[in-house]
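Numbering (our numbering), first residue to last: 11 to 262. Note that the Cβ used here is the ideal one computed from N, Cα and C, for glycine as well. I have placed the structure first, in the form of structure tokens, so that the comments after it can refer back to it.
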């Protein structure tokens, strides 16, 4: 998130510079490249946080293990980042308008990869939360003692094991802190997704398109969503809601 914030600051500094010296290509590319690439670092942070949440609430409800989840989506995000960087470098080094447009199209491909990753991430998260709330684990859960207990065995157990079932169920582990963290992630994801749709349409329209040159649209659909996402992730900071080394205490 810090790297994403730094990237946004540099990008908006370039935009301010470009507005005062609009024939300066360095300012223009500084703005374009940084404001396109920076959100990739934010989505990477969100993927890591979700992996930790799955580990806390219960990986038995997830189709992917927490580690696999983080590796898969961060890899996709890194691929999007690399493609966007290549597009930015291509555009910045172009000697004519056509070369710059080619670089822009490459950056669009990177944004589309990022959008695809976020879409799949949302689907998997929706499925995960549904399984947690309805207590439908995909795999057998582990009891506090470390003994794997199939769901059917827990349901057929006597009342002496009722408390154990409640402790080990994902819904019981969905503490207020984790719920708040999920709310923050949901809001941030929504606004970054809106921004990604806008940037895709903007760049596909070309650098002389009506959308690209519309400052109000850029402020409303790029600047504002990123600001909201950054603000929300600071309010719902993972250091407050899922602190490292205190996971088990948070669950208890």
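Query                                                                                                                                                      : Result
Give the DSSP-derived three-state secondary structure of residue 220 in the structure shown.                                                               : coil
Less than 9 angstroms between the C-beta atoms of residue 202 and residue 45, yes or no?                                                                   : no
Of all the options 24, 74 and 122, which has the alpha carbon lying nearest to the alpha carbon of residue 204?                                            : 122
Please report the distance separating the alpha-carbon of residue 134 from that of residue 62.                                                             : 15 angstroms
How would you call residue 199, buried or exposed, if buried means at least 16 neighbouring beta carbons within 10 angstroms?                              : buried
Is the beta carbon of residue 120 sitting closer than 9 angstroms to the one on residue 91?                                                                : yes
Tell me which same chain residues have a C-beta within less than 8 angstroms of the C-beta of residue 181, skipping the five on either side of it?         : 142, 143 and 145
Do the CB positions of residue 97 and residue 103 come within less than 9 angstroms of each other?                                                         : no
Pull up the distance between the alpha-carbon of residue 76 and that of residue 64, whole angstroms please.                                                : 6 angstroms
Identify which residue in 251, 223 and 246 has its Cα closest to the Cα of residue 29.                                                                     : 223
Mind checking whether residue 18 and residue 207 have CB atoms under 9 angstroms apart?                                                                    : no
How long is the line joining the alpha carbons of residue 149 and residue 71, rounded to whole angstroms?                                                  : 7 angstroms
Going by DSSP, what residue range makes up the alpha helix (DSSP H) through residue 31?                                                                    : Per DSSP, residue 31 belongs to no alpha helix (DSSP H) and is neither H nor E.
Specify the secondary structure class of residue 246 as computed by DSSP and reduced to three states.                                                      : coil
Around the Cβ of residue 244, are there at least 16 other Cβ atoms within 10 angstroms (buried) or fewer (exposed)?                                        : exposed
Cutting at 6 angstroms between CB atoms, please list the residues of its own chain near residue 51, excluding the five before and the five after it.       : 13 and 14
For residue 225, count the other beta carbons within 10 Å of its own beta carbon; 16 or more makes it buried, fewer makes it exposed. Which is it?         : exposed
Near residue 227, which residues of its chain fall below 8 angstroms by C-beta distance, leaving aside the five closest residues on each side in sequence? : 208, 212 and 221
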